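The numbers in numbering that gives the first Met the number 0 rise by one with no breaks, and the one at position 419 of the sequence shown is 418. Glycine included, each C-beta is placed from N, C-alpha and C at the ideal position. Just so you know, these numbers come straight off a predicted model, no measurement behind them. Everything on this sheet refers to the single structure shown next.
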Amino acid sequence: MDTPRTDETPPPPQRGWQASRFAFILAWLLTLLVAWFGLRLLLVLQFLPSAPAKETFQALLHGLYRDAAVGLWLTLPVFAWLFFLPPRRALTRGLFWTACFIFWFSQAFLLFAEYFFFDEFRSRFNTVAVDYLQYPNEVFVNIWDSYHVGIVIGACLLLAVGWVSIAAQLFKAIWEREMSGSLLGRAAAMALAFLAASAPLVLVAGALTGVLTSPPSLPGVRISSDRTLNEIANNGEWAFFAAALTHHLDYGAFYKTLPRNQAYERARFLLARLNSKYVSRPDSLCRTVAGDSTRPRLNVVILLEESLGSEFWGCLGRTNTLTPEMDKLAAAEGILFTNLYATGNRTVRGMEGVLASFPPLPGESIVKREFSDNVETLARLLKRDGYSTLFLYGGRGIFDGMRSFALRNGYDRFIEQKHFEHPTFTTVWGVCDEDLYRRSIEEFRADAKAGQPFFATILSVSNHKPYTYPRGRIAENPEEHRRENAVKYADFALGEFFRLAKQEPFWTNTIFAVVADHGARVYGEQTIPIHSYEIPLLIAGPAVVEHPRRVGQLGCSLDVAPTLLGLTGRPYQSTFFGQDLLNSDNETGRALMNHNRDIGLLAGQRLAVLGLMKTEEFYAGNPKLTEMKPWHTRGPLERELETDAMALFQVADDLYMHQRYRVEEPQPNVQALEKVKTLKR
């Protein structure tokens, strides 16, 4: 039967840019570029409003190149979808616009996240962002408590709905035409068209960037002597990918090195002391430090304070002090070290530096690495000398692998949040400092009653976003969520701890050390922003402090353990990289530091920085008096400092990777044991 004829005929397919898939793809790409450029401009205006015009222009150009590269990658899936899936199906169109909504919501959220991350760390997404994704409970609850997440999500929803609505209206005709040809032909056409559409943008940006700035590289941007401007020139998603890709890297492949025997010879020379003697082969740092074995075993307690940098302490120069309790302790009965630097800006860096006296290698801290089953720590060393060892932490021990590292490396017990049955106050990071310190006093009292010398590490959590604490302890309102208030509470809790400790019998035979794991915010022009790395070390206890004093010897986190061991006065063996700050001269003072993928050595008034791709740079000046500035002279002093840095970090990597950062403990005599068993039978 013939089909009836009708006068109605379908309208011809619409032509022009509204029906062009290429126009849609370019609109997608341009939206990304405009959004990233807008964020970059906002960062410049917010954080570097007085940056030199030429360097700012270079940063914007270099950023355009990176934005274009990332934008092309993020556009490829859209291109593939439009050219390979059947567009006439309603289900496919629905899925497509749903995917667009999810993508633009995510991109909008990332823009907000990048801004707040930059506000905190003066950096694009880096290793901190990569690390934090592994612990969503602490991180996302912390974000919810610290920021107006509801408002941000609402804004992201509006932006995503707006983009999809406008695009769906403007490009509704893209569904009217099918692509003809075979799958292979369509793929070839897609690739050629995509290159033709995007190549001019990339070539122009690349040409301008190549003329006016340094060539782009995966690790980071180096267009200025100002680290913050270099970070602004980067792309956040590029930076996150680079951080994830270099999380586990081959040190020798990326950093400048020396011949292995030369590196060990130099490191052994740098770490040699008059009261120590190397006791093993040339490719080891194991040495015996002299002491009096008849001296009593003093208890040792380290209070590792979250983010309690020097910038908050009145006794270290702040005019409106936030640490009145620690100021009083330092003035009346403490040894205060005034020239100390953290090895990094993460708690795990503080742990490896203070507890293991180990340099901060690029990549992961050894607290989180795979070859950390048997490394030398202060706990392991004191355990060999008959001490009981205890780690107390207010949060969850699974975070950053803290519990695993502690129990595998000398600590007998690990007390964490789940062991506090009735805490008085908690945040997402754990119990408040007061609860932690009260439990610590109870544990020390039990050991003291048993006549057992003890070593303990107490890691606090209160001085951390969202900066809340029990009401009524200090005058400030905890609902304000201000860092300064949290610092005041942390200081108050420390004051309460020492007030209680002084009432205990163990007060007279215990060494107490208050030290920050790292500073607070990261700020400064240098590749390694040195001012934000300044930390306090305050030692108290009548057994070792005869009168209060200040020590200006340059040092870092690595020196805490050797200094405490020097105060005990007992002999020991170790492979530690640090030195006893109370028994060393000014010429031997040094600080080893890490920031993202850069590592550095500070000595005197020079800072040598080793970077990825075997780069190096230098800074000069007294960081206590002025901003250290780039130093372009490469004289004997700079080359010697660079060699020292290369030797120390290279030897640390070699010892760790070959699992030799430890003291070889004597193995039992198997034949003697068998003879004893036979006699018993």
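Excluding the 5 residues flanking it on each side, L601 has same chain C-beta neighbours closer than 6 angstroms at A590, in chain order.
The alpha-carbon separation between I165 and A26 amounts to approximately 11 angstroms.
The C-alpha of F78 lies about 46 angstroms from the C-alpha of Y532. A direct Cα-Cα distance of roughly 39 angstroms separates E616 from V299. In the three-state DSSP reduction, Y571 falls in the strand class (E or B).
For Y410, no beta strand (DSSP E) encloses it, and the DSSP letter there is neither H nor E. For T388, the enclosing beta strand (DSSP E) stretches over residues 387-392. In the DSSP assignment, F21 forms no beta bridge with any residue.
Fully contained in the stretch 222-275 are the following alpha helix (DSSP H) runs of length 4 or more, in chain order: 226-232, 235-244, 250-253, 259-270. Pairing T614 with G599, the inter-Cα distance amounts to about 12 angstroms.
Taking C-beta separations shorter than 7 angstroms and ignoring five residues to either side along the sequence, the partners of L42 in its chain run F117, I231, following chain order.
Taken in chain order, the unbroken stretches of alpha helix (DSSP H) that lie wholly in the stretch 291-365 and span 4 residues or more are 323-332, 346-355. Just measuring C-alpha positions, the residue of L59, R20, Y114 sitting nearest F46 is Y114.
E442 carries a helical assignment under DSSP once its states are collapsed to helix, strand and coil. Taking a C-beta distance under 8 angstroms as the contact criterion, Q649 and T256 qualify as a contact pair. For the set H657, D653, Y660, Q658, the Cα lying nearest the Cα of P258 is the one of D653. Three or more pairs of CB atoms, one per stretch, sit closer than 8 angstroms, so the stretch 428-446 contacts the stretch 494-505. Its Cα nearest to that of H657, the residue E369 stands out among K382, D432, E369, L564. Rounded to whole angstroms, the Cβ separation of A289 and N274 is 4 angstroms, and the two are in contact under 8 angstroms. Close CB contacts of L609 within its chain, under the 8 angstroms cut and outside five residues either way in sequence, are with Y254, K255, D597, I598, G599, E615, E641, A644, M645, F648 (chain order). The continuous stretches of alpha helix (DSSP H) do not include T587, and DSSP gives it neither H nor E.
I510 has its alpha-carbon roughly 14 angstroms from the corresponding atom of A378.
In the structure shown, K501 falls within a coil segment according to DSSP collapsed to helix, strand and coil. In the three-state DSSP reduction, A539 falls in the strand class (E or B). Separation of the CB atoms of G343 and M592 is rounded to 7 angstroms, and the pair is thereby assigned contact status at 8 angstroms. Comparing alpha-carbon positions, the option among R272, P361, E637 lying closest to V347 turns out to be P361. Sorting E479, L157, Y571 by C-alpha distance to the C-alpha of Y466 places E479 at the top.
Comparing alpha-carbon positions, the option among A238, A519, A542 lying closest to G568 turns out to be A542.
Under the DSSP assignment, F170 falls outside any beta strand (DSSP E); it carries neither an H nor an E label. Under the three-state reduction of DSSP, L158 is assigned to helix. Spatial neighbours of T526 in its own chain (CB-CB distance under 6 angstroms, excluding positions within 5 residues in sequence) are listed in chain order as R226, D597, V608.
In the DSSP annotation of this structure, the continuous segment of the alpha helix (DSSP H) that includes F648 starts and ends at 635-656.
According to the DSSP assignment, L381 belongs to the alpha helix (DSSP H) that extends over 377-383. Partner residues in the beta bridge of A607, as assigned by DSSP, are L600, F617.
With a 10 Å radius around the Cβ and a threshold of 16 neighbouring Cβ atoms, G450 comes out exposed. Restricting attention to L60, V278, L284, G554, the CA atom closest to the CA of E264 is found in L284.
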